[in-house]
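Quick note: the sequence shown uses the numbering used here, first residue 42, plus one each step.
Take a look at the structure set out below.
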Amino acid sequence: MSNEFSGAFTWLSDNSHLVKHDLYAHLEISVESVAIALAIGLPLGLFLGHLHRFSFLAINVSNIGRALPSLAVLAILLPFVGIGKTNVIIALVVLAFPPILTNTYVAIDQVDTDTVDAAKGLGMRPLQVLLRVEMPLALPLIFAGIRTSAVFVVATATLAGFFGGGGLGDIINNPESYGLVGIIGASYVLIVLAFLVQGVFVLLEIAVTPAGLRKNRGLRGLRRRQTQTLLDAGAADTERLDETSSQAEMTA
């Protein structure tokens, strides 16, 4: 087995052109799917969160989307759209849509009401409140939902190999043509890609977080550490006091 794992890197080097082609196709499918889910889920989540209504819609749609296996969605769509990229993208959009919708709704809905009231008191219109106050404060949580969707899509897009959609799934799902070393090599590429996507969105999440929120997070973290230190010190003092009392009782 160790020979297969080490041989995977040799296979990647020998088939770099094929891997690059499938990697670009994989990225294309993933980006298109997340973009479509974002175009649908973000405005809907912003609208519902701003109204503070229809939470059941956001939550139930999210639960239904998570409950549907992507492979089942692909199979259901097969008679209608056939084999190919379109089928795969629709299934991936169904997968990516729920986290974007739910996170966007919750992020907007949970913006501090005093801040929103202050903005209204300054004469801002509802759209201005949404774009200038609620959305900037909600961006970290919104990006967390987008990040989750992107990682899900990148990992699940390998199913495209079963339905003629292209991507790394063409290698991973075809052991007859590429063997075990090919599957392992393509899986390495997929793992690295998933980590890169995760890292990029984490950096974006940090970049879009307002400086005040980042500072408050740092202060909250510092306070938690200080509180824990005090609790630990108190526990140690209590333990020492108990030991002293026990020794005193034994002496007496």
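Even for Gly, the Cβ is constructed at its ideal location relative to N, Cα and C.
#### Entry: Asn214 versus Gln169 - alpha carbon distance
By one-based count along the sequence shown, residue 214 stands at place 173. By one-based count along the sequence shown, residue 169 stands at place 128. Cα to Cα, Asn214 sits roughly 49 Å from Gln169.
### Query
Which residues mark the beginning and the end of the alpha helix (DSSP H) in which Glu73 is found?
If you number the sequence shown from 1, residue 73 lands on position 32. Residues Ser57 to Leu92.
### Query
Can you tell me whether DSSP reads Gly220 as helix, strand or coil?
By 1-based counting over the sequence shown, the position of residue 220 is 179. In this structure, Gly220 counts as helix in the three-state DSSP scheme.
### Query
Roughly how many whole angstroms lie between the Cα atoms of Thr154 and Pro181?
Position 113 of the sequence shown holds residue 154. Position 140 of the sequence shown holds residue 181. Roughly 18 Å between the two C-alpha positions.
### Straight-line Cα distance separating Leu237 from Thr22
Residue 22 is absent from the structure shown; the chain starts at 42 and stops at 293.
### Among Phe242, Val60 and Ile187, the one whose alpha carbon lies nearest that of Phe138
Taking the sequence shown and counting its residues from 1, the one referred to as residue 138 is at position 97. When each option's Cα is compared against that of Phe138, the closest is Ile187.
### Task
Please classify Thr127: does DSSP put it in a helix, a strand, or coil?
For the purposes of this step, residue 127 is taken as the residue at position 86 of the sequence shown. The answer is helix: DSSP assigns Thr127 an H, G or I state.
### Query
Tell me which same chain residues have a C-beta within less than 7 Å of the C-beta of Leu85, skipping the five on either side of it?
In the sequence shown, residue 85 corresponds to position 44, counting from 1. Result list for Leu85: Leu142, in chain order.
### Proximal residues to Gly82 (C-beta, below 6 Å), its chain only, five neighbours per side dropped
Your numbering for residue 82 matches position 41 in the sequence shown. Correct list, in chain order: Phe138, Ile141 and Leu142.
### Message
Leu136 and Val194 - do their beta-carbons sit closer together than 8 Å?
### Response
In the sequence shown, counting from the first residue as 1, residue 194 sits at position 153. In the sequence shown, counting from the first residue as 1, residue 136 sits at position 95. The answer is yes: Cβ separation under 8 Å.
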